[in-house]
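Residue numbers (the numbering used here), protein chains in the order written: chain A, -14 to 154; chain B, -8 to 104.
Glycine included, every Cβ here is placed at the ideal spot set by N, Cα and C.
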Amino acid sequence: MESPGIIAAFWLLSAVTVGGALAVFLSRNLIHAVVFLVLSFLGMAGLFLTLSADFIAVAQILIYAGAVSILMVFAVMLTPMSARDNSNSLYVVPGVLLGAIVAAGVAFIAVDVEWPVLADLDADRFPTTVSAIGDLVLGRYLLAFEVASVLLLAALIGAIMLVREDEAA
Amino acid sequence: MSDGLSVELAHYLSVSGIIFGIGIAVALSKRNAIAVLMGIELMLNAVNLAFIAFARLGGNFEAAGGDPLAGHVFVVFVLTVAAAEAAVALALAVLVYRRRETVDLDRITLMRW
């Protein structure tokens, strides 16, 4: 992909995404960390758009930047007496070390390996992704689709059961 | 690899790896259980980026009989599982807070011998 717009968008969105993720780590306030996490999710949705994954980008904004971040803000609000300073535990040094090793290792492998890439990258490969994804989900991956629905139902009922106030008390 | 002024699969995979590493660092080193969950969500997001990048740019896949959009379908399932996991984990955090008045992982030592 060599059009200047795609290149500029890639570098800008990568900076936003990685910067947001770094700010989640460095932020000194838990609510600010959630906001930076949303920024990182939105940048990731933009990266999906540069890969012509329109449906996934919209789903990312709806589910991650919308629903999951709201859940996190709710969880922070529902735990008012706990620390809000986003501080690190004793494992910060091994944690950062392991994260740096994984990041450097994956980046090195990504650059070093000659990946088999498509011959014509600029071709309009996916005219419509939504109908193709729908065909796959209700065709070859039907079993996984049904299992996912059961999983969502189990998570829904489980979350309600967990936080329900005990009526007997 | 062609000239430097184009965006390749390796660029996307590098960004994916960096975000995954940051997610590991956040998940391992934060004290608040909700912040740990943020790290896990970052890691899942990084994996999604790798899936989408391979689906768009990776070659030799359709020739092997695969669907070109299988990566997108996998990302849909990852999104589903991540949403379910976030709901249950945050419910657990609220439950622990109700019992112990804290979600500080250094102070939840019930299972330490």
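Q. What's the C-alpha gap between A:S37 and A:A60?
A. 34 Å
Q | Under 9 Å by beta carbon: chain B residues contacting A:I(-9) | A | S(-3) and V(-2)
**Q.** Distance between B:I9 and B:H63 (C-alpha atoms, nearest Å)
**A.** 21 Å
Q: Since I believe A:V102 is in contact with B:G49 (beta carbons under 8 Å), could you give me their beta-carbon distance rounded to a whole number of angstroms?
A: 7 Å
Q) Hey, how far is the Cα of A:V132 from the Cα of A:Y126? A) 10 Å
Q) Which whole-angstrom value describes the C-beta separation of A:A68 and B:R22, a residue pair presumed to lie in contact below a C-beta threshold of 8 Å? A) 7 Å
Q: Determine the chain B residues that contact A:I118 at a beta-carbon separation under 8 Å, and present them in chain order.
A: L60, H63, V64 and V67
Q: Go ahead and pull the three-state DSSP assignment for A:G84.
A: helix
Q.
Just to confirm the assignment: which complete beta strand (DSSP E) runs, minimum length 3, are found wholly within the region 41 to 102 of chain B?
A. none
Q.
Closest to B:A37 by C-alpha separation, out of A:S116, A:V87, A:S72 and A:V77, would be which residue?
A. A:V87
Q: Would you kindly work out how many angstroms separate the C-alpha atoms of B:T71 and A:F130, rounded to a whole number?
A: 10 Å
Q) Quick one: is A:L138 buried, meaning 16 or more other Cβ sit within 10 Å of its Cβ, or exposed? A) exposed
**Q.** B:V38 at chain A interface by Cβ criterion, 8 Å
**A.** no
**Q.** With 16 other Cβ atoms within 10 Å as the buried cut-off, status of A:A95
**A.** buried
Q. Does the beta carbon of B:E32 come closer than 8 Å to any beta carbon on chain A?
A. yes
Q. Taking only beta-carbon atoms, is B:M102 less than 8 Å away from chain A?
A. no
Q. Can you tell which of B:D97, B:E92 and B:A78 has the C-alpha that lies nearest to the C-alpha of A:I142?
A. B:A78
Q: Check the Cβ of A:N73 against every Cβ in chain B and list those closer than 9 Å, keeping chain order.
A: S20, K21 and R22
Q: For A:M62, count neighbouring Cβ atoms within 10 angstroms of its own Cβ and tell me buried if that reaches 16, exposed if not.
A: exposed
**Q.** DSSP bridge partner residues for A:V102 (one or two, in chain order)
**A.** B:G49
Q: Identify which residue in A:F93, A:P65, A:L7 and A:V122 has its Cα closest to the Cα of B:H2.
A: A:F93
**Q.** For A:F10 and B:V17, believed in contact at Cβ under 8 Å, the rounded distance
**A.** 5 Å
**Q.** Residue from B:S(-3), B:V6 and B:I15 with nearest C-alpha to A:V78
**A.** B:I15
**Q.** Sequence-distant residues of its chain with Cβ nearer than 8 Å to B:V66 (five each side left out)
**A.** N39, F42 and I43
(Q) In whole angstroms, give me the CA-to-CA distance for A:V58 and A:A52. (A) 10 Å
Q. Which residues bound the alpha helix (DSSP H) around A:D39?
A. D39 to Q45
Q. Since A:L22 and B:M29 are thought to touch, with beta carbons under 8 Å apart, how far apart are those beta carbons, to the nearest angstrom?
A. 5 Å
Q) If you compare alpha carbons, which of A:S72, A:L82 and A:L(-2) is closest to A:G31? A) A:L(-2)
**Q.** Residues of the region -2 to 12 of chain B with Cβ closer than 8 Å to any Cβ of chain A, in chain order
**A.** V(-2), E(-1), L0, A1, H2, Y3, L4, S5, V6, S7, G8, I9, I10, F11 and G12
Q: Determine, using beta carbons only, whether A:E99 and B:S(-3) come nearer to each other than 8 Å.
A: no
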